[in-house]
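Chemist: One structure follows; several queries about it will come next.
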Amino acid sequence: MNNRIKEFRARYNLTQDDLARKVNVRRETIVFLEKNKYNPSLKLAYDIAKVFSMTIEEVFLFEEKE
Amino acid sequence: MKKTVILFVIAALVLIAAIWWIFSGQHVADPAEFINLGVIIILVGFALFMGYKRLTSLKKGQPAEDEMSKKVMLKTSSLSYYISLYVWLAIMYFADRLNYETHTIIGFGLFGMALVFGICWLIFNFRGVVDE
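Protein sequence lines correspond, in order, to chains A and B. First residue of the first sequence: 0, per numbering that gives the first Met the number 0; consecutive thereafter. First residue of the second sequence: 0, per numbering that gives the first Met the number 0; consecutive thereafter.
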């Protein structure tokens with residue numbers, strides 16, 4: 000699963016710390032999400048999408064495995 | 000914050016007890032005691048590191064622990080428990096062949112468990128948790 004968190008964060012001029020505070024997680028979690036090293040819970044995915052006023056599908060890109 | 004304070008208090012108590020034990024002079028220096036000391040150092044070091052991480056997060060206005068840190072700890076615990084079973088099996092196998100006292104063997108086992116836990120935590124903490 001890929002995501003566009005870094006892109007949207009830059010667009011909204013948010014630092015990793017700012018986003019972490021907004022969605023109530025640690026900065027490390029945002030770092031791991033941006034590197035695709037962690038798959039968030041549905042709630043966290045929803046909270047992140049809400050910060051960017053987007054839907055989950057717009058922020059998180061699912062790739063179907065063959 | 001309460002959990003972080005408890006973490007530091009426990010680490011301090013363990014450290015004080017270890018220092019008191021070392022300087023009590025009621026023991027003979029043997030390899031088992033150095034192994035026990037190794038276990039204490041790993042555990043206290045880990046507790047202090049976790050406490051420091053929690054404090055820096057709290058200072059930034061972020062939670063001390065979140066869903067990822069809980070998941071890392073959960074994965075670390077389950078994998079290290081699984082590996083520890085094999086560590087104890089290996090120790091039981093070698094216990095019959097090597098001439099060590101019981102408390103030395105237990106010390107080896109505890110050291111192995113602490114080491115396995117530390118390694119598993121490092122792997123999950125730096126590699127990340129991706130559930131596919």
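Note that the Cβ used here is the ideal one computed from N, Cα and C, for glycine as well.
Given this structure, state the Cα-to-Cα distance separating residue 33 of chain A from residue 50 of chain B, to the nearest angstrom.
Modeler: Your numbering for residue 33 of chain A matches position 34 in the first sequence. Your numbering for residue 50 of chain B matches position 51 in the second sequence. When rounded, the distance between both Cα atoms is 25 Å.
Chemist: Let me know the secondary structure DSSP gives residue 11 of chain A once reduced to three states.
Modeler: Along the first sequence, read from residue 1 onward, the residue named residue 11 of chain A stands at position 12. It is coil, neither helix nor strand.
Chemist: Residue 61 of chain A and residue 44 of chain A: beta carbons closer than 8 Å?
Modeler: On the first sequence, residue 61 of chain A is found 62 positions in, with the first residue counted as 1. On the first sequence, residue 44 of chain A is found 45 positions in, with the first residue counted as 1. Contact flag unset, no.
Chemist: Considering just the uninterrupted stretch of the alpha helix (DSSP H) at residue 12 of chain B, what are its terminal residues?
Modeler: Looking up residue 12 of chain B in the second sequence gives position 13. Start and end: 1-22.
Chemist: With 7 Å as the C-beta to C-beta threshold (strictly closer), list the residues of the stretch 61-84 of chain B near chain A in chain order.
Modeler: Answer in chain order: 61, 62, 65, 66, 67 and 68.
Chemist: Between residue 24 of chain A and the rest of its own chain, which residues show a CB-CB distance below 8 Å, the 5 nearest in sequence each way excluded?
Modeler: Taking the first residue of the first sequence as 1, we reach residue 24 of chain A at position 25. Answer for residue 24 of chain A: 43, listed in chain order.
Chemist: Can you name the residues of chain B whose CB is closer than 7 Å to the CB of residue 40 of chain A?
Modeler: Position 41 of the first sequence, counted from the start, is the residue given in the question as residue 40 of chain A. Near residue 40 of chain A (Cβ distances below 7 Å), the residues of chain B are 66.
Chemist: May I ask which residues mark the beginning and end of the alpha helix (DSSP H) holding residue 56 of chain A?
Modeler: Locating residue 56 of chain A in the first sequence gives position 57, where the first residue counts as 1. 55-58 is the span of the alpha helix (DSSP H), which, as asked, contains residue 56 of chain A.
Chemist: For the stretch 80-93 of chain B against the stretch 107-126 of chain B, do three or more pairs of beta-carbon atoms, one drawn from each stretch, fall closer than 8 Å, so that the two count as touching?
Modeler: yes
Chemist: Which bits of chain A does residue 50 of chain B rub up against, with CB to CB less than 8 Å?
Modeler: Looking up residue 50 of chain B in the second sequence gives position 51. Result: empty, since nearest Cβ-Cβ is about 14 Å, beyond 8 Å.
Chemist: Consult DSSP for residue 23 of chain A and reduce its assignment to one of helix, strand or coil.
Modeler: Mapped onto the first sequence, residue 23 of chain A falls at position 24. Coil at residue 23 of chain A, not helix or strand.
Chemist: When you compare the CB positions of residue 38 of chain A and residue 129 of chain B, do they come within less than 8 Å of one another, or not?
Modeler: Within the first sequence, numbered from 1, the residue matching residue 38 of chain A stands at position 39. Within the second sequence, numbered from 1, the residue matching residue 129 of chain B stands at position 130. Contact: yes.
Chemist: Taking 8 Å as the threshold (C-beta atoms), are residue 104 of chain B and residue 122 of chain B in contact?
Modeler: Within the second sequence, the letter at position 123 stands for residue 122 of chain B. Within the second sequence, the letter at position 105 stands for residue 104 of chain B. The answer is no: Cβ separation not under 8 Å.
Chemist: Using 10 angstroms around the beta-carbon of residue 93 of chain B, count the other beta-carbons present and answer buried if the total reaches 16, otherwise exposed.
Modeler: Along the second sequence, read from residue 1 onward, the residue named residue 93 of chain B stands at position 94. Classification of residue 93 of chain B: exposed, given that the 10 Å Cβ count is below 16.
Chemist: Are the C-beta of residue 59 of chain B and some C-beta of chain A separated by less than 8 Å?
Modeler: What you label residue 59 of chain B is simply residue 60 of the second sequence in a count that begins at 1. Yes, contact with chain A.
Chemist: Please classify residue 56 of chain B as buried or exposed, where buried requires at least 16 neighbouring CB atoms within 10 angstroms.
Modeler: On the second sequence, residue 56 of chain B is found 57 positions in, with the first residue counted as 1. Under this definition residue 56 of chain B is a buried residue.
Chemist: Using DSSP with H/G/I as helix, E/B as strand and the rest coil, what is residue 129 of chain B?
Modeler: For the purposes of this step, residue 129 of chain B is taken as the residue at position 130 of the second sequence. Look at residue 129 of chain B here: in three-state DSSP terms it is coil, with no helix or strand label.
Chemist: When we look at the beta-carbon of residue 108 of chain B and count the other beta-carbons within 10 Å, is it buried (16 or more) or exposed?
Modeler: Taking the first residue of the second sequence as 1, we reach residue 108 of chain B at position 109. Counting Cβ neighbours within 10 Å, residue 108 of chain B comes out buried, since at least 16 surround it.
Chemist: How big is the Cα-Cα spacing for residue 18 of chain A and residue 49 of chain A?
Modeler: On the first sequence, position 19 is the one that residue 18 of chain A refers to. On the first sequence, position 50 is the one that residue 49 of chain A refers to. Looking at the two C-alpha atoms, the distance is approximately 11 Å.
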